[in-house]
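According to this note's numbering, the stretch in the sequence shown is residues 43 to 251, in order.
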Amino acid sequence: MPAILIIDNSLCFVACVFFLAFQNFFNLLLKSIIITMFYHISLEHEILLHPRYFGPQLLETVKQKLYSEVEGTCTGKYGFVIAVTTIDLIGSGVIQPGQGFVVYPVKYKAIVFRPFKGEVLDAVVKQINKVGMFAEIGPLSCFISHHSIPADMQFCPNGNPPCYKSKDEDVVISGEDKIRLKIVGTRVDATGIFAIGTLMDDYLGLVCN
Numbered sequence: 043m044p045a046i047l048i049i050d051n052s053l054c055f056v057a058c059v060f061f062l063a064f065q066n067f068f069n070l071l072l073k074s075i076i077i078t079m080f081y082h083i084s085l086e087h088e089i090l091l092h093p094r095y096f097g098p099q100l101l102e103t104v105k106q107k108l109y110s111e112v113e114g115t116c117t118g119k120y121g122f123v124i125a126v127t128t129i130d131l132i133g134s135g136v137i138q139p140g141q142g143f144v145v146y147p148v149k150y151k152a153i154v155f156r157p158f159k160g161e162v163l164d165a166v167v168k169q170i171n172k173v174g175m176f177a178e179i180g181p182l183s184c185f186i187s188h189h190s191i192p193a194d195m196q197f198c199p200n201g202n203p204p205c206y207k208s209k210d211e212d213v214v215i216s217g218e219d220k221i222r223l224k225i226v227g228t229r230v231d232a233t234g235i236f237a238i239g240t241l242m243d244d245y246l247g248l249v250c251n
């Protein structure tokens with residue numbers, strides 16, 4: 043009996059170590075997937091400056107206009123510009139004929155947010171109806187069709203607020219809840235990006251607080 047007990051305890055210990063190792067590996071993998079949506083890239087922008095700004099604070103004015111004109115904007119090619127990190131070069135100004143305005147070419151680096159198909163992201167639910175739910179991932183809007191929500195979760199229009207609820211009612215997703223989703227597609231145009239998501243995969247759905 044003591045030998046059997048020692049073997050059983052050893053197996054339990056090995057199983058616990060394996061489980062913890064797998065859990066740590068999964069957390070690191072999930073973290074690496076989530077952070078790939080942010081990129082640090084070099085960009086260029088032109089600043090149009092009125093003659094009244096010509097003076098000792100000219101370069102500082104160019105910098106401030108760069109921040110205000112590019113931060114928070116979105117392009118289909120690069121995604122959402124979250125923050126300018128460095129200004130590498132402010133080129134020589136070019137006078138616009140017949141206007142007096144001057145254009146300054148600026149090279150800078152910025153952190154951008156660009157989602158891609160297959161990425162796993164955390165989002166906040168903003169709207170729920172019978173066709174699905176709308177969520178926000180920072181500046182990105184994402185739609186999750188009811189076809190991409192697990193079959194055991196049903197829309198409850200009479201809920202306060204309306205929600206998607208599992209049959210045993212142990213999982214309820216409503217407005218302002220945090221969820222984890224996977225991007226299955228994106229729609230890109232010149233000035234924006236819209237995403238389509240799904241909850242139909244392992245480790246997706248409601249994120250417990």
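From the three backbone atoms N, C-alpha and C, an ideal C-beta is built for every residue, glycine too. Please read all numbers here as calculations on a predicted model, not as lab measurements.
Please state if the CB of Val167 and the CB of Met175 are separated by a distance shorter than 8 Å.
Cβ atoms of Met175 and Val167: closer than 8 Å.
Quick one, are the C-beta atoms of Tyr150 and His82 less than 8 Å apart?
It is not a contact, given that the beta carbons lie outside the stated cut-off.
For the region 172–250, which segments carrying the beta strand (DSSP E) assignment without a break, of at least 3 residues, lie completely within its bounds, in sequence order?
Listed in chain order, they are 174–179, 182–187, 195–198, 205–208, 214–216, 220–230 and 235–240.
Just to confirm my understanding: we take Val173, look at its own chain, exclude 5 residues before and 5 after, and list those with CB closer than 8 Å. What are they?
Answer for Val173: Ser187 and His188, listed in chain order.
Tell me whether Ser134 sits in a helix, a strand or coil according to DSSP, three-state version.
Ser134: coil per DSSP, three-state reduction.
Are Ile170 and Pro204 touching if we call contact CB-CB under 8 Å?
Contact: yes.
Out of curiosity, what's the CA-to-CA distance linking Lys73 and Ile221?
In this predicted model, Lys73 has a pLDDT of only 48, less than 50, meaning its place in the structure is not dependable; the value taken from the coordinates is given anyway. In a straight line, the C-alpha of Lys73 is about 15 Å away from that of Ile221.
Just the Cα atoms here: how many angstroms apart are Ile152 and Leu90?
One detail in the question is off: residue 152 reads as Ala in this sequence, not Ile. Approximately 20 Å between the Cα atoms of the pair.
Among the candidates Val230, Ser190, Asp244 and Phe96, whose CA atom is the shortest distance from the CA of Gly142?
Of the listed residues, the one whose Cα sits closest to Gly142 is Phe96.
Taking the continuous beta strand (DSSP E) assigned at Glu88, which residues delimit it?
Its beta strand (DSSP E) spans residues Phe80 to Leu91.
What is the rounded straight-line gap between the Cα of Thr228 and the Cα of Asp244?
Each residue's Cα considered, the two are about 21 Å apart.
Where does the unbroken beta strand (DSSP E) through Tyr146 begin, and where does it stop?
Run containing Tyr146: Val144 to Phe155, per the beta strand (DSSP E) assignment.
Suppose contacts are defined by Cβ-Cβ distances below 8 Å. Is Ser190 in contact with Thr117 by that definition?
No, the Cβ-Cβ distance between Ser190 and Thr117 is not below 8 Å.
Output the distance between the C-alpha atoms of Gly140 and Glu218, rounded to the nearest integer angstrom.
Approximately 53 Å, taken between the alpha carbons.
Are the CB atoms of Lys207 and Cys198 nearer to each other than 8 Å?
Yes, they are a contact pair.
May I have the straight-line CA-CA distance separating Tyr120 from Pro181, to the nearest angstrom?
Going by the C-alpha atoms only, they are around 14 Å apart.
What residues are listed by DSSP as bridge partners for Ile129?
BP columns for Ile129 point to Tyr150.
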